[in-house]
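Just below is one structure, and these are the notes that go with it.
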Amino acid sequence: MKTALIQKINLNFASRAIALFSAMAALAFTATPAARADGSKVNVLVNFEVSDKYLTPRGMIVADHGLTYQQLLLAFVDLYKSDGFISDVTFIPGVWADFTSHPIPIHVKGKGAADWVETDPIAGLSTKFAKDFKLDLTYTAFDMHILDIGTSQHFSAQLSYDDSSILKDFALHPYVLFWQELDGKATAAANFNVPSSNYFDVGIDPSATIASWKIEAPLRMLLPNTNFYGTHFAKHSTVGLYELGLKASTNMGFMPAGYGSWSFHIGVKYMKFVDKNLQHLAISGGFGNPKSDTFQTYAGLSTFF
């Protein structure tokens with residue numbers, strides 16, 4: 523990361539972000555080893571990540587000054603297990619939050635700035651069936667704390683296929699996702715009164731293990747509905763964006779037994795904005811210079827118990 527960006531870190535904010543992560547980690551540690559033994563019906567994932575920008579899967583660059591800190595807390599509640607056609611059903615509630623070291627105005631006009639950018643409640647249901655297939659149904663709400671952006675609500679359905687039994691080490695792990703805005707907009711197209719809409723994602727996530735590192739190279743393509751980015755700046759494009767990533771993760775085996783399974787990851791993403799409307803909306807909500815692509819670098823820690 524550039525030295526100039528690092529020098530902009532607000533130490534007050536950084537200490538609060540670390541405190542929040544520590545509190546989340548402390549929550550994880552309150553469970554006794556017995557509660558995490560085989561047969562437990564509830565597991566928890568805690569993830570903390572730092573990045574050079576807040577870039578959404580839909581191509582919105584929410585923040586690109588200073589550093590972005592993102593926290594995720596998910597619970598996995600086993601509802602059903604069997605050896606039949608449907609082998610596993612899991613309820614997944616959680617919350618995700620984003621903070622920035624470079625505060626963003628709370629209102630479009632007026633004083634005040636926030637380093638707490640967004641809070642997203644999550645509720646999902648994951649079902650494994652036919653041995654290698656999985657269907658994830660997820661509800662999310664984006665509660666934005668900046669620039670008078672309202673809360674939007676969404677539903678997604680993702681069908682994944684584990685092709686490891688066929689391709690072995692060359693498995694692609696393909697998936698298709700349908701994402702629907704239920705109320706409000708999840709893009710800056712809201713600035714131009716574009717109605718709620720939807721998109722499809724088609725992607726793969728191949729991986730390989732080198733020494734103690736798992737290397738992933740995800741690739742996806744977003745196919746938006748006409749109204750997802752709107753047609754304020756140009757005609758609708760069938761492809762909204764392409765994304766290519768490279769991620770490396772490794773287990774932190776030195777962590778004491780009984781405190782969860784810890785891992786460290788680092789990665790980079792490249793996102794190519796194809797739709798002309800997205801190029802205008804990606805940054806400054808359609809009121810800045812168009813942007814055709816962007817890179818994002820990130821690193822993080824996670825624990826599962």
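All the letters of the sequence shown, read from the start, carry residue numbers 523 to 827 under our numbering.
For glycine and all other residues, C-beta sits at the position ideal for the given N, C-alpha and C.
Item, Value
"Ser785 in three-state terms, based on DSSP", "strand"
"Whole-angstrom C-beta distance between Ile726 and Pro746, which should lie under 8 Å", "The pair is not a contact, with the Cβ atoms about 20 Å apart (cut-off 8 Å)."
"Anticipated Cβ contact below 8 Å, Val639 with Phe621, distance rounded", "6 Å"
"Anticipated Cβ contact below 8 Å, Ser824 with Thr772, distance rounded", "So it is not a contact: roughly 11 Å between Cβ atoms."
"Buried versus exposed call for Ile688 [16 or more other C-beta atoms within 10 Å across all chains shown]", "exposed"
"Rounded distance between the beta-carbons of Asp658 and Gly646, thought under 8 Å", "6 Å"
"Where the alpha helix (DSSP H) through Ser678 begins and ends", "Per DSSP, Ser678 belongs to no alpha helix (DSSP H); it is in the beta strand (DSSP E), Ser674 to Tyr683."
"Reduced DSSP secondary structure (H/G/I, E/B, other) of Ile688", "helix"
"Inter-residue spacing [alpha-carbon to alpha-carbon] between Ile737 and Pro579", "20 Å"
"Touch test, the segment 606-615 against the segment 578-594, Cβ-Cβ under 8 Å, three pairs minimum", "no"
"Inter-residue Cα distance where the pair is Tyr820 and Gly789", "5 Å"
"CB contact flag (Tyr721, Gly762, <9 Å)", "yes"
"Exposure of Ser814, with buried meaning 16 or more beta-carbon neighbours within 10 Å", "exposed"
"6 Å CB neighbourhood of Asp723 in its chain, flanking five on each side removed", "Leu699, Arg742 and Leu744"
"Candidates Ala635, Trp618 and His754, of which the one nearest Leu595 by Cα", "Trp618"
"Within 9 Å, strictly: CB atoms of Val716 and His754", "yes"
"Pair within 9 Å by beta-carbon distance, Phe570 and Gly782", "no"
"Counterpart residues of Asp665 in DSSP-defined beta bridges", "Thr641"
"Supposed contact pair Ala597 and Val566 - C-beta distance, whole angstroms, cut 8 Å", "5 Å"
"Within 9 Å, strictly: CB atoms of Asp637 and His624", "yes"
"Proximity of His787 and Lys769 at Cβ, strictly below 9 Å", "yes"
"Beta-ladder partner(s) of Phe795, from DSSP", "Leu763"
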